[in-house]
Each structure stands twice: as structure tokens, then as C-alpha cells.
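See structure below.
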């Protein structure tokens with residue numbers, strides 16, 4: 023479903039991605055973890071072309087992330103959830119979800135709204151449709167953002183540290199929605215520090231450090247017997263606090 | 002000073018009113034033209050194509066460093082030369098105000114657009130919108146709400162500046178006031194009245210701005 027082959031990227035002289043390769047099968051959930059600055063957010067932003075890359079190739083569902091016109095079509099099929107939610111503050115929760123289907127897919131308003139209500143119910147916010155982002159808690163905002171991404175009927179969902187900006191008591195409600203999605207067979211790449219989620223939901227864990235994919239392993243192996251020294255060091259830091 | 006006689010204002014009210022109409026009409030047209038061209042100019046100013054951005058910046062800096070009264074003069078004498086025919090003082094004044102205010106509106110709109118976090122436009126682009134669609138549906142509505150108070154403040158200044166059109170023989174409100182004041186030899190009454198009218202218009206507008214401000218916060 024997602025093919026990343028030898029992708030490299032430089033910021034001036036600094037190499038942020040070093041020949042990264044990763045392939046994700048349909049319905050697979052891949053968690054990307056690693057220390058901050060390791061390039062994990064940059065890598066998933068390359069998948070929908072929000073970040074350009076200098077070398078290598080990425081294809082999603084057979085379509086290459088390259089030419090401009092094709093990229094736009096590809097983006098309609100890749101949902102993305104951001105660390106800072108990025109809901110549109112001037113629109114209600116419902117309108118946030120309806121905007122892209124109406125503007126990009128040219129859906130009629132009634133049609134888009136009907137679908138949006140279904141999605142709001144799915145993320146547990148059925149009675150919040152007319153609220154504005156500022157009237158919602160962080161966890162609720164992020165759930166609306168997930169519904170907004172789902173409104174385009176994506177075949178792939180990318181999550182860029184979806185719970186990092188949340189207060190601890192709201193993390194679970196967002197992770198629960200993501201677990202449901204995974205159970206329904208969505209193909210997902212999730213950049214996160216939530217190791218409990220990774221252990222329960224991920225099919226595979228990718229560990230990145232200094233722009234490299236250092237280790238790829240099923241969660242059981244990764245958490246009990248990581249191969250690389252760098253992964254061991256990272257795990258000991260985040261699991262023992 | 003002698004006794005003040007305010008009936009002189011009442012007697013000349015129709016004459017003063019035609020002057021005020023010209024001021025308001027000119028201001029309204031210039032606000033419209035200035036915001037329209039200012040929006041376009043701000044886009045050019047933020048263009049990734051260097052020479053385009055540079056030209057827009059040069060335009061802004063040029064018009065911000067010359068006095069308005071000079072621009073009004075230039076346009077009055079230059080435009081007929083360029084077009085080969087007389088344009089009349091009102092049209093030339095409108096062009097002058099529009100060109101001049103475009104520079105100010107451009108900077109206000111640019112600041113407004115740049116106040117919207119880049120993540121917002123990325124969120125739109127990530128759903129398959131073009132940059133233009135994301136600007137139109139996501140950035141612009143927020144930016145205009147943020148800059149509304151400054152846009153209106155600038156527009157009030159523009160309205161006050163319309164009193165400069167006397168230099169091209171237009172009879173705006175201020176000119177009408179002077180004419181009556183000199184004819185009737187009632188300077189105190191008329192200039193007090195003028196102050197009152199300007200105050201009333203500008204004060205109500207700024208009260209309106211205060212109500213808008215704070216109505217929307219990210």
C-alpha cells in the first residue's frame with residue numbers, strides 16, 4: 023500500500039533522512055518511534071508530499087508521490103492528523119469536516135453534512151457538531167480532526183504525534199478512536215511516543231534515529247529484545263520514567 | 002468674538018451636504034479600490050518569485066514615502082498627459098487615493114495573512130486542496146477577521162484625508178465649509194460645525210471597530 027524506497031532529504035548541508043526504506047501492507051498499522059529530531063515526522067510528511075525529498079521514491083496505492091497534479095489526487099486518498107490539530111477556527115466542527123469534501127470532491131452540502139454527522143458519531147462527538155474548535159477540549163478537537171481526515175474516504179491515514187499536544191487525561195479518548203480505526207482495517211502510519219498504544223495496536227514498530235531507520239520489528243520483539251544498542255538506549259529512557 | 006449665530010449652518014446645510022456627499026463617496030470608492038488592489042498587491046508582495054515580490058515592495062515603499070497631496074497633484078496633471086484627454090478632478094482624485102491607499106492596505110493584508118499559522122494552509126493542502134483553494138477557504142476568512150479593526154482604522158484616516166482634494170478644485174466637505182465661512186464671515190461657527198461632523202463620523206466608526214475587535218480570537 024505504501025512503498026518508501028531509499029528516501030533521502032537534506033536541509034542545506036544537514037541530512038535529515040538517510041536512505042529510508044519502508045513498505046506498509048494494506049491494513050497494516052506501523053508505529054514510528056525515536057528520539058526527537060530523528061526525522062520521523064519529516065518521513066511521514068514525505069508520504070503525502072507536504073515535505074519534498076531529494077532522493078528516492080514513494081508510492082501510495084500504486085501512485086507515485088512526484089508530479090504536482092498527481093500529488094493532489096493522491097492527497098485526497100491520504101488522511102493526515104497533525105500534532106496541533108489544525109482545525110479551522112472560523113468553522114464549526116461540522117463545517118470543518120465538510121470543507122474538503124465540498125471544495126475538493128465537489129460534494130453537495132447536504133451530502134457532505136450527512137457523512138460528517140456519521141463520522142462525528144463514530145468519534146463520539148455526535149452532539150458537538152455546531153461547536154467551534156475553541157469551545158472543544160484538546161481531545162475533542164483531535165477527534166474532530168480525525169473525522170475531518172476520514173471524510174475524504176482515505177485509503178491510508180498518517181498520524182503525526184497526535185497526542186503530544188494533549189493533556190494526559192485526554193490521550194486515551196484519541197487513542198481509542200485510533201485503535202477502532204485500526205481494528206476496522208485502516209492502513210496507518212503513526213508517529214507517537216505512546217508505547218502502550220504501540221504494544222497493543224501496532225503490527226510493526228519502526229525505530230528511527232538521526233535520520234535512519236535503525237530497526238524494524240514486531241512490538242513483542244522490539245520491547246523485549248531490541249537488536250540495536252540505540253533502540254535499547256531509547257527504550258530505557260522512555261520506559262523508566 | 003461677538004455672539005455666535007448658528008443659523009448660518011442651517012441656512013447653508015444643503016450646500017454643505019453636497020460637499021459631505023462628495024467626501025463620503027470618494028472615500029467609499031477609494032476604500033473599495035484600495036482594498037481590492039491592496040489584496041492583489043499583497044499576493045505579489047508574498048510571491049515566491051523574487052523580482053515580483055521586489056517590485057511590489059518597491060511600490061509600497063514608494064507610495065509610503067511621498068506625501069498624499071503630491072500624489073493627488075501628480076495624477077491630476079499626469080493622467081491627462083498619459084491618456085491624451087482630460088479626466089476631470091474627481092476621477093483623478095479617485096485614482097490618486099486608490100494608488101496611495103493600495104500601499105497601506107497591501108501591508109495590512111500581508112500582515113493579516115502572515116498572522117495565520119502555516120499549519121492551517123498545510124491542513125488544507127493535505128486534503129487535496131490547491132494552494133489557492135486553501136487560501137480562499139481557510140486563510141483569507143481568518144485573516145480578514147483578524148485585520149478588520151486595522152482595515153477600518155485605515156479607512157477612517159482615508160476619509161479624513163479626502164479633505165486634501167481642494168488642491169484639484171474639488172468641493173469636498175471641508176472646502177464647502179471654508180467657502181461658507183468666508184462668504185458669511187462666520188468662521189468660528191462653521192469650523193466648529195466641521196469638527197463636530199468629522200468627530201461624529203469617525204467616532205461612531207471607531208466605536209463600531211471596538212465592537213468588532215475581540216469578537217474573534219483564535
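Protein chains in written order, with this note's numbering: chain A, 23 to 263; chain B, 2 to 219. Note that beta-carbon positions come from the ideal geometry of N, C-alpha and C, so glycine has one too. Predicted model, so just to flag it, every value in this text is computed and none were measured.
Would you say residue 112 (chain A) faces chain B, with C-beta separation under 7 angstroms as the test?
Taking the first residue of the first chain as position 1, residue 112 (chain A) is located at position 90. It does: the Cβ of residue 112 (chain A) has a partner Cβ on chain B nearer than 7 angstroms.
Cα-Cα separation, residue 128 (chain B) to residue 112 (chain A)
Walking along the second chain from the start, residue 128 (chain B) turns up at place 127. Walking along the first chain from the start, residue 112 (chain A) turns up at place 90. Between the alpha carbons of residue 128 (chain B) and residue 112 (chain A) lies a distance of about 18 angstroms.
Output, in chain order, the set of chain B residues within a Cβ distance shorter than 9 angstroms of residue 97 (chain A).
Residue 97 (chain A) sits at position 75 when you count from the first residue of the first chain. Ordered by position in chain B, the residues that pass the 9 angstroms Cβ test against residue 97 (chain A) are 126, 127, 128, 129 and 130.
When you check each C-beta in the region 178-205 of chain A against every C-beta of chain B, which residues fall closer than 8 angstroms?
Result list empty, no residue passes.
Which complete alpha helix (DSSP H) runs does the region 48-97 of chain B hold, if anything under 4 residues is left out?
51-65 and 69-84
Chain A partners of residue 120 (chain B), CB-CB under 7 angstroms?
In the second chain, the residue the question calls residue 120 (chain B) occupies position 119. Chain-ordered, the chain A residues with CB closer than 7 angstroms to the CB of residue 120 (chain B) read 104, 106 and 108.
Kindly indicate if chain B contains any beta-carbon less than 7 angstroms away from that of residue 70 (chain A).
Walking along the first chain from the start, residue 70 (chain A) turns up at place 48. Answer yes: the Cβ-Cβ gap between residue 70 (chain A) and chain B drops below 7 angstroms somewhere.
From this set, B:196, B:181, B:134 and B:71, which residue's C-alpha is nearest residue 11 (chain B)'s C-alpha?
Reading the second chain from its first residue, position 10 is the one you call residue 11 (chain B). Checked all of B:196, B:181, B:134 and B:71; the closest Cα to residue 11 (chain B) is B:181.
Quick one: does residue 33 (chain A) have its CB under 7 angstroms from some CB of chain B?
Within the first chain, numbered from 1, the residue matching residue 33 (chain A) stands at position 11. It does not: the Cβ of residue 33 (chain A) has no partner Cβ on chain B nearer than 7 angstroms.
Any chance the region 55-70 of chain B sits against the region 200-210 of chain B, with 3 or more Cβ pairs inside 8 angstroms?
No, the region 55-70 of chain B does not touch the region 200-210 of chain B.
For the region 131-158 of chain A, which residues have a beta carbon sitting closer than 8 angstroms to at least one beta carbon of chain B?
Contacts with chain B (Cβ-Cβ distance below 8 angstroms) from the region 131-158 of chain A involve 156, listed in chain order.
Any contact of the region 141-159 of chain B with the region 217-235 of chain A, i.e. 3+ C-beta pairs under 8 angstroms?
no
On the CB-based measure, 16 or more other CB atoms within 10 Å of its CB, does residue 219 (chain B) come out buried or exposed?
Position 218 of the second chain holds residue 219 (chain B). Residue placement at residue 219 (chain B) cannot be trusted, given a pLDDT of 40 that sits under 50; the coordinates are not used to answer.
Write down the C-beta distance between residue 122 (chain A) and residue 174 (chain A) rounded to the nearest angstrom, noting that I regard them as a contact closer than 8 angstroms.
Numbered from its first residue, the first chain carries residue 122 (chain A) at position 100. Numbered from its first residue, the first chain carries residue 174 (chain A) at position 152. Residue 122 (chain A) to residue 174 (chain A), Cβ: 6 angstroms. Contact.
Less than 8 angstroms between the CB atoms is what I'm expecting for residue 256 (chain A) and residue 56 (chain A), so what's the real figure, rounded?
The residue you call residue 256 (chain A) lines up with position 234 of the first chain. The residue you call residue 56 (chain A) lines up with position 34 of the first chain. Contact between residue 256 (chain A) and residue 56 (chain A) holds, since their C-beta atoms are separated by about 7 angstroms, short of 8 angstroms.
Limits of the alpha helix (DSSP H) - the one that residue 179 (chain A) falls within
Counting from one through the first chain, the residue named residue 179 (chain A) turns up at place 157. First-last for residue 179 (chain A): 178-182, but that is the beta strand (DSSP E), not the alpha helix (DSSP H).
Endpoints, beta strand (DSSP E) assigned at residue 147 (chain B):
The count along the second chain starts at 1 and reaches residue 147 (chain B) at position 146. Premise fails: residue 147 (chain B) lies in the alpha helix (DSSP H), 141-162, not in any beta strand (DSSP E).
What does a CB cutoff of less than 7 angstroms around residue 216 (chain B) pick up in its chain, not counting 5 residues either side in sequence?
Here residue 216 (chain B) refers to the residue found at position 215 of the second chain. For residue 216 (chain B), the predicted structure reports a pLDDT of 47, less than 50, and the residue's modelled location is therefore unreliable. A value from the coordinates is still provided. Nothing meets the Cβ criterion.
Beta-ladder partner(s) of residue 45 (chain A), from DSSP:
In the first chain, residue 45 (chain A) corresponds to position 23, counting from 1. According to DSSP, residue 45 (chain A) bridges with A:25.
May I ask you to list, following chain order, the residues of the region 133-152 of chain B that have a beta carbon less than 8 angstroms from some beta carbon of chain A?
Those residues of the region 133-152 of chain B that come within reach of chain A (Cβ to Cβ, closer than 8 angstroms) are 134, 138, 139, 142, 143 and 146.
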